[in-house]
Amino acid sequence: MFDILPKFQDAALITILCILPLLILNHNLHQQKQKQPQGCRKLNLPPEKSNLHDEHSPKYAQGVPETHHDPNGKPSWRIKALFTYPIKSCAGVELNVSDVVPTGLKYDRQFCFAEYVVPKQQDAEPYWTARTLRDKRFERMALIRSEVWVPDSRVGSYAPDLDEVKSEGVMVISYPRTFSGAMSFLGELGIALGVISKEHSFQIPLSPPPDNLSSYPNTPVKIWKDFPMAYNYAHHLPSSLYDYLGFDSGSQLTLFRVNPSHHREIFRCAPPKQTLGFQTVTGFADAYPIHLLSLSSVRDVGSRCADIPRLSIRRFRANIIVQGPGAFEEDHWKRIGIGGAGGGVEIHTVCRTVRCRLPNVDPDTGVKHPSEPDRTLRGYRRIDPGCLTYACLGMQLVPAVERFRISVDDPISVLETGEHFYIKMLAPGERVPGE
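Note that the UniProt record's numbering gives residue 405 to position 405 of the sequence shown, counting from 1, and the numbers run on in steps of one.
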């Protein structure tokens, strides 16, 4: 019996040495845990209530007539799901209802990560440039999630002088927790045991607080050919985020927020100001305020893409996902109505969405497929005479009014059809950034 005692003591000591660091680590992480924003409610639809839960159902492979109604009496041509993407190229926020503002769905592409670029030419000035999933090293942005919390006077903790209220709300940003060196084993063990959370998180104001604007330097940031002024949120970013994205310090990477006084004016395929009565603008979206996709069109692409058996429509990062029309019927829409009697709100479908390789990144893993679905799309969807190099999938929208509200299940009606000719953003010889 006495021979067993030393072995028992050794085992106990080893157990303590393993568990103690976990307890210390868990305590430190608990201290860093974010509190729920005060005076606010969360907009995000919970994942378990996603309207895309059945996106792979065979029923979406075929379209139905525009006048058709489903067994519940709902118009078959309707909005299936809504998404806003607060941070460009990061995970989307699913909604049941969204306000539409001049730049598109509210909160959409109002933030972007940007890298500090020092040109090789000696006489060229360094600059900040927006980064996306197209760019090497940035595929992991797909796993950066956002929660949008907005002030609500019905919340018990609400008070008009709260920081969260003065900044028009809070965004909680989360991303996978990573470990390195000696902490890797303990960290992974802690996650497996449930004593350590899988994610880091931190909070930022949705808008710079009016009484602290000096902490958010107004800085030009390059997006495509434009250099809009934007608010630099660098002082909010924790070191763990730089580690996650593979950067050494904040001198090379930052987060920008759109300055509403410096929206990007959009021309090309958009209706002119004389037609609309206002100038089309965007924040950090690539081209136009709103992006629409048809579920049956993506199902058609998925049926041809053998390398990705369950191709999710979320790869294509649309704001409005519709059900009912047959595959690619949207290719020839010129004007549509959304919601309400008499056609609802009039929206111009100004051009097709020309596709880069960004959808090759899996939104669930952050892993980029070497060729798909881009290869499949280019095989049969290079259809626009204005850009025969790239495939097209989806439509870009410009509403005929600046502000309104849309909801899941709002009916879709086609007001006008016709031909499209894509007007390129880049001049001949220029390249798509990141390709």
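Where is the CB? At the ideal position from N, CA and C, for every residue including glycine.
Item	Value
Whole beta strand (DSSP E) elements within the UniProt domain "MOSC" (264-415), 3-residue minimum	290-294, 320-323, 333-338, 345-354, 392-399 and 404-407
Spatial distance of residue 305 from residue 312 (CA atoms)	11 Å
DSSP three-state assignment for residue 163, whether helix, strand or coil	helix
Straight-line Cα distance separating residue 222 from residue 228	7 Å
Under the three-state DSSP convention, the category residue 421 falls into	coil
Exposure label - residue 296; buried when at least 16 CB within 10 Å	buried
Contact with chain B by residue 49, beta-carbon distance below 7 Å	Of the protein chains in this structure there is only one, and it is not chain B.
Alpha-carbon to alpha-carbon, residue 82 and residue 105	9 Å
Short Cβ contact (7 Å threshold) for residue 349 with residue 397	yes
Span separating the alpha-carbon of residue 143 from that of residue 244	10 Å
Rounded distance between the beta-carbons of residue 147 and residue 207, thought under 8 Å	Not a contact, Cβ separation roughly 16 Å.
Classification of residue 393 by the beta-carbon crowding that lies within 10 angstroms, buried from 16 upward	buried
Exposure of residue 92, with buried meaning 16 or more beta-carbon neighbours within 10 Å	buried
Range covered by the beta strand (DSSP E) that runs through residue 231	229-232
Contacts around residue 155, its chain only, beta-carbon distance under 7 Å, and the 5 residues preceding and following it disregarded	39, 40 and 41
For residue 334 and residue 418, the rounded distance between their alpha carbons	6 Å
C-alpha gap between residue 390 and residue 352, whole angstroms	11 Å
Residue 191 versus residue 197: straight-line alpha-carbon distance, rounded	6 Å
Cut-off 7 Å between Cβ atoms - residues of its own chain near residue 490, not counting five sequence neighbours on either side	Outside the shown range of the chain, which is 1 to 435, sits residue 490, and nothing can be said about it.
Local Cβ density within 10 Å of residue 278, reported as buried at 16 or more and exposed below that	exposed
Residue 33 - DSSP class collapsed to helix/strand/coil	Because residue 33 sits at a pLDDT of 49, beneath the cut-off of 50, its placement in the model cannot be relied upon, and the point is left open.
Sequence-distant residues of the same chain with beta carbon closer than 8 Å to residue 399, five excluded per side	100, 289, 290, 345, 346, 347 and 348
Residue 105 - DSSP class collapsed to helix/strand/coil	strand
As assigned by DSSP and simplified to three states, the class of residue 91	coil
7 Å Cβ shell around residue 60 - same chain, five flanking residues per side excluded	295, 296, 299 and 323
Helix, strand or coil at residue 79 according to DSSP, with G and I counted as helix	strand
Buried versus exposed, by CB contacts within 10 Å (16 or more), residue 465	It is not possible to answer for residue 465, since the shown part of the chain is limited to 1 through 435.
Inter-stretch contact at 8 Å, needing at least 3 Cβ pairs: the segment 112-121 / the segment 249-257	yes
Residues bridged to residue 42 [DSSP beta-bridge criterion]	149
Nearest-angstrom Cβ-Cβ length linking residue 307 and residue 372, presumed shorter than 8 Å	4 Å
Span of the alpha helix (DSSP H) around residue 214	Premise fails: residue 214 is in no alpha helix (DSSP H) and is neither H nor E.
Cβ pair residue 276, residue 395 closer than 7 Å	no
Residue 249: first and last residue of the uninterrupted beta strand (DSSP E) it sits in	No beta strand (DSSP E) holds residue 249; DSSP gives it neither H nor E.
Between the CA atoms of residue 379 and residue 412 - distance to the nearest angstrom	29 Å
Beta-carbon spacing of residue 173, residue 138 below 7 Å	no
Neighbour-count burial assignment, residue 84, 16 or more Cβ in a 10 Å radius	buried
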